[in-house]
Amino acid sequence: GLKPFGHVDVHPLDGGVTPPAVVRVEPFFMDSKLVTNKEFGKFARSTYYETEAEKFGWSFVLSSFLVKSEMKHNADVDPEAEHWVAVDGAYWRQPEGPGSTYKLREHHPVVHVSHRDAAEYCSWVGKRLPGEREYEAAARAGHYGPKNRTLFSWGDNDTVAVASQYANLWGNGTFPDENFAEDGWRGTSPVGHFPPNPYGFFDLTGNVWEWVRGGKHKARIVRGASYVDSLDGSFNHAATLGARATLHGTTTTGNVGFRCVKSPTRRTEYHWVYHDEEVHGSLSIEDEFGKEWATPQKDWEDMFWVQEASDEEE
11 GLKPFGHVDV HPLDGGVTPP AVVRVEPFFM DSKLVTNKEF GKFARSTYYE TEAEKFGWSF
71 VLSSFLVKSE MKHNADVDPE AEHWVAVDGA YWRQPEGPGS TYKLREHHPV VHVSHRDAAE
131 YCSWVGKRLP GEREYEAAAR AGHYGPKNRT LFSWGDNDTV AVASQYANLW GNGTFPDENF
191 AEDGWRGTSP VGHFPPNPYG FFDLTGNVWE WVRGGKHKAR IVRGASYVDS LDGSFNHAAT
251 LGARATLHGT TTTGNVGFRC VKSPTRRTEY HWVYHDEEVH GSLSIEDEFG KEWATPQKDW
311 EDMFWVQEAS DEEE
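Next up, the structure:
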């Protein structure tokens, strides 16, 4: 039947366009690892930066991670994701709210940061957030298709036994209360804990969602899936190479982080052309009013006089 303008067919799990669209991505440098709590702490202390979660006074925490279980019944929840509870006092230093700390997770990715918080950090280190095409180019690591396109960075094997060796995902447990930690972690894991993809990037699938540039303030883009996602999409998102979601730009939660990229400095090339006065004549000179005063040219008389038209007719 008829399809709306701009409609594209997408892979049911991969999330990418079918057939794959060929695009060009300009060269860029990307951090191999996510920004950690320790690195973000240096930024916050150096600039006295206050995240949006701190300004708002609360952030979203997964219900099974609450310090006190009764908080689930007394606090507000996300209407679109009832397992995420708004916890007063939760922010990057207190990931689960008052009574929790990041101290033993300094090398874990920083969470409870909004899109603006992430952009501010990247600007502080002289970088920026990655574009969506840049992120996907790094994540697919050459597996663009159509002949070598795969669902995951490790191939198409969607068993938990294999995936747990490469990414931090939920596993076989019933979400959100049962996590058997087949990969060794119930929540976030240290950056670089799992093997890198063929391009040398860590955690581009799983661990935490990552803010990227693009979208609008009410629908900022995140890529990569997180530790609460599944392989087949039976709950939450399918953690494939094409995993994509949108969040409000001010959203802060315990499963969203970021990494930075930088564009290379472009070399400016000047193409000099030699000017031969014997062949091309003398160069003319413009005065401060932009008028080009006549100068001796090739085959001209050595001395001549140019009469300019007067502004007022006599």
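Under our numbering, residues 11 to 324 are what the sequence shown spells out, in order.
Positions of the beta carbon are idealized from the N, C-alpha and C atoms, including for glycine.
Owing to the predicted nature of the structure, the values given are computational and were not obtained by experimental measurement.
- The alpha-carbon separation between Phe162 and Val20 amounts to approximately 16 Å.
- In this structure, Thr215 lies away from Trp134, with their beta-carbon atoms at least 8 Å apart.
- Between Gly264 and the set Asp242, Trp219, Lys43, the nearest pair of CA atoms involves Trp219.
- In the three-state DSSP reduction, Val172 falls in the helix class (H, G or I).
- Judged by beta-carbon spacing, Phe75 lies within the 8 Å limit of Gly197, meaning their Cβ atoms are closer than that value.
- Residue range 68–72 is occupied by the beta strand (DSSP E) that includes Trp68, with no alpha helix (DSSP H) assigned at that position.
- For Arg230, the secondary structure class from DSSP, reduced to helix, strand or coil, is strand.
- For Trp134, there is no enclosing beta strand (DSSP E); the enclosing alpha helix (DSSP H) covers residues 125–134.
- Pairing Ser236 with Asn217 gives a Cβ-Cβ distance under 8 Å.
- Within the same chain, and ignoring the five residues on either side of Met81 in sequence, the residues whose Cβ sits closer than 8 Å to its Cβ are Val95, Val97, Gly107.
- If you draw a 10 Å sphere on the C-beta of Tyr280, you find fewer than 16 other C-beta atoms in it, and that means exposed.
- His93: member of the beta strand (DSSP E) spanning 91–98, first to last residue.
- Taken through DSSP and simplified to helix, strand or coil, Arg34 comes out as coil.
- Under the three-state reduction of DSSP output, Phe50 falls in the helix class.
- Judged by beta-carbon spacing, Val45 lies within the 8 Å limit of Arg269, meaning their Cβ atoms are closer than that value.
- Pro119 is positioned such that its CB atom lies closer than 8 Å to that of Gly267.
- Residue state for Phe75 is assigned as helix, using DSSP reduced to three classes.
- Around the CB of Glu64, 16 or more other CB atoms lie within 10 Å, so the residue is classed as buried.
- Taking Arg150 as the centre and dropping the five residues before and after it, the same chain places the C-beta of Leu251 closer than 6 Å to its C-beta, in chain order.
- Per DSSP, the beta-bridge partners of Ser240 are Ala248.
- Ala255: not part of any alpha helix (DSSP H); member of the beta strand (DSSP E) spanning 254–257, first to last residue.
- When the beta-carbon positions are compared, Val222 and Gly141 come within less than 8 Å of each other.
- In the three-state reduction of the DSSP assignment, Tyr101 falls in the strand class, which pools E and B.
- Shown here, Lys82 sits in a helix according to DSSP, grouped into three states.
- If you draw a 10 Å sphere on the C-beta of Thr61, you find 16 or more other C-beta atoms in it, and that means buried.
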